[in-house]
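Engineer:
Protein chains in written order, with the numbering used here: chain Y, 1012 to 1527; chain E, 25 to 226.
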């Protein structure tokens, strides 16, 4: 499994942390590495089952159910259940009719969310960019990791091996767009697509059901005989926008790379804390160690991504009635070797007598220690020259004046000119941005008076109103009250403007923003 | 060189101080990445975006990359923008406002000086500037500053004469298209001339 070129038998990822290795043999004429974006989607079809650990524990067929009463449906079924004909989305009563000895387990969405985050932290060992796809998937940007892992095949084999060790089953999809990769993973089309031009043909057979479209859109597409992704692409764009939903076009564009599809990177928490519920009540050490191994493999991936190790590991063994058993394992030197940490737990468990069966197992690491001098990422927090942003701000302010160097922050006010303000750089109020309707990227301060021609607003040409009005009446309490109707207007040159009509006094038109 | 060291050199998280990292940042538009020589915006270099008519969509073109730089904790300096960068709209597009530095200079000379400082500082991922006229010699200084700070220097300009000698490693022209934006690669390493259309979010 090691990447080619390694003879030391150590984990090649450990090289991640070598800092300050002077590359005396560097070749200045070497061509820069070209690393186009490539996405690996991991879709976890049996996740609800695997999170509960129910599959391993029983010799009988198991299904995970959700909902209540007559609406109880199957969300996951193990191989034994599947052989009897139990399928996802089937009602629980139908499933029990097919498999009379079926064991039903309730879905635990909290545990699933925690497990997915644990998996995302673990995946940080393969790439610096991991994004969650709720509820059962991950997206890894692997374009930048290929060279290190010795190519796509080697990387995929490495991820496959690591995820098998965690005992999760995953479908892979590889494509130059995140949505493309996700759809390939969903349909189990595992042959990687590395070139954008090959993507339309590979996505064409994806059935509508896998596209997670709104039900109304899916039904209206079915009604006109559209069954697959490829059929959608063949429809006239204008007709699609008018007859179904303009978001469908955006979806197709994102999948094929014609539209940006920014993904939220997952940031692992600064400390590691995970727990696993155990299948039934567990008293024997071997079953506990199986669960512990999964936690430790996740921990190892998390530590590898952070170039760190642990010296103190806290285990929590929760019981049904008695207070939890807490085992603290201290190491002499920091480590992230899952096998070593598992061995230490095994030795410790041999020395304690459990008061009662264990219902869940938790592990916590409060302090991550550097295992070797940590490497600094090219785009790391400190910047490549190690400069300090305070120094930059101070230097700029000393020449331009204090007010000339500012940050910006949104402000809770409906009046567009007061919905933002200047602030000290770095001190923007971060939080959920207000869900305004469309707002322009540029604001004109102050708004510019527009001419009118035959009553229509005019700005270096005729403006066609495309959206609006959005009425904004606010601010009576501080004397700066406004009453305006805002519109989006399209100029013949293609620029989109944000303009308003004053509803008071002189009912003029004003230009207030540019969508740019 | 030993195999292990070779492996190390190719690690994505590694860079070498001897040679500036010739790295590229995905534009977020795969169709555009495909026609750019490094499969993205060149970091540590100068990009010129020619906008015959301001407001054509030029900001949308660079927002995905800016959002990514901000998410990585790098600063985004906006030097002398023509209007107010509107915080609610930028936040809604995933830009880390806490990494925005809005610099207002009184005159072009101050703005170019500020852009150069920001590029050189090493803390900025991108420095955006809107110079009206700029001498090729000043452009060369910006290019050097971008190299030394590993930053993406991004200049938005009106139509410039094509024969104008510029040190920019990438020059694009953007025009509104029927369903978004047409991007023309006027200058790049390798073979320029590609033209792609991208869709913009409504």
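Glycine included, each C-beta is placed from N, C-alpha and C at the ideal position.
Predicted model only: the values in this text are computed from it and were never measured.
1. Among 209/E, 218/E and 224/E, whose alpha-carbon lies nearest the alpha-carbon of residue 72/E?
2. Residue 1436/Y touches chain E at which residues, Cβ-Cβ below 7 Å?
3. Quick one: does residue 1491/Y have its CB under 7 Å from some CB of chain E?
4. Hey, how far is the Cα of residue 1104/Y from the Cα of residue 223/E?
5. Do three or more CB pairs link the region 1515 to 1524 of chain Y to the region 1215 to 1233 of chain Y at distances below 8 Å?
6. If you run the structure through DSSP and keep just helix, strand and coil, what is residue 1275/Y?
7. So is residue 1351/Y buried or exposed if we call it buried at 16+ other beta carbons inside 10 Å?
8. Assuming contact is defined by CB atoms lying nearer than 7 Å, are residue 81/E and residue 104/E in contact in what I supplied?
9. Against residue 84/E, what residues of chain Y qualify as contacts under a CB-to-CB distance less than 9 Å, listed in chain order?
10. Reducing DSSP to helix, strand and coil, say where residue 199/E ends up.
11. Could you give the DSSP three-state label for residue 1250/Y: helix, strand or coil?
12. Checking the sheet assignment: what are the DSSP bridge partners for residue 1180/Y?
13. Check whether the region 1266 to 1277 of chain Y and the region 1285 to 1296 of chain Y are in contact - that is, three or more C-beta pairs closer than 8 Å.
14. Do you know how far the Cα of residue 1455/Y is from the Cα of residue 1425/Y?
15. Looking at C-alpha atoms only, which residue of 1133/Y, 1162/Y, 1306/Y and 1108/Y is the closest neighbour of residue 1149/Y?
16. Could you name each continuous beta strand (DSSP E) segment of 3 residues or more that falls completely within the region 1168 to 1234 of chain Y, going from the start of the chain to the end?
17. Show which residues of chain Y have a CB atom less than 7 Å away from the CB atom of residue 99/E.
18. Along the beta strand (DSSP E) that carries residue 138/E, what are the first and last residues, could you check?
19. Would you report the Cα separation of residue 1180/Y and residue 1169/Y, rounded to the nearest angstrom?
20. Residue 1485/Y to residue 1497/Y, Cα distance in whole Å?
21. With 16 other CB atoms within 10 Å as the buried threshold, where does residue 156/E fall?
22. Starting from the beta carbon of residue 1417/Y, find every residue of chain E whose beta carbon is closer than 7 Å, and list them in chain order.
23. Would you call residue 1438/Y buried or exposed, if buried means 16 or more other Cβ atoms sit within 10 Å of its Cβ?
24. Excluding the five sequence neighbours on either side, which residues of its own chain have a C-beta within less than 8 Å of the C-beta of residue 212/E, listed in chain order?
25. How would you list, in chain order, the residues of chain E whose beta-carbon sits under 8 Å from the beta-carbon of residue 1456/Y?
26. Taking buried to mean at least 16 other C-beta atoms within 10 Å of its own C-beta, is residue 1236/Y buried or exposed?
27. What are the partner residues of residue 1528/Y, as DSSP defines its beta bridges?
28. If the cut-off is 7 Å on Cβ atoms, which residues from the region 190 to 223 of chain E count as contacting chain Y, listed in chain order?
29. Near residue 1492/Y, what residues of its chain come up, given a Cβ to Cβ distance below 6 Å and the 5 sequence neighbours on each side ignored?
30. Could you work out which residues of chain B lie near residue 1431/Y, taking near to mean beta carbons separated by less than 8 Å?
Structural biologist: The structure says:
1. 209/E
2. 125
3. no
4. 47 Å
5. no
6. coil
7. exposed
8. no
9. 1271, 1452, 1526 and 1527
10. strand
11. helix
12. Beta-bridge pairing links residue 1180/Y to no other residue.
13. no
14. 16 Å
15. 1133/Y
16. 1182 to 1186
17. 1400
18. No beta strand (DSSP E) contains residue 138/E, which is instead part of the alpha helix (DSSP H) from 132 to 144.
19. 14 Å
20. 13 Å
21. exposed
22. 126
23. exposed
24. 60, 61, 193, 194 and 195
25. 107 and 108
26. exposed
27. Residue 1528/Y falls outside the range modelled here, since chain Y spans only 1012 to 1527, and no answer is possible.
28. 200, 222 and 223
29. 1486
30. Here chain B cannot be found, since the structure's protein chains are Y and E.
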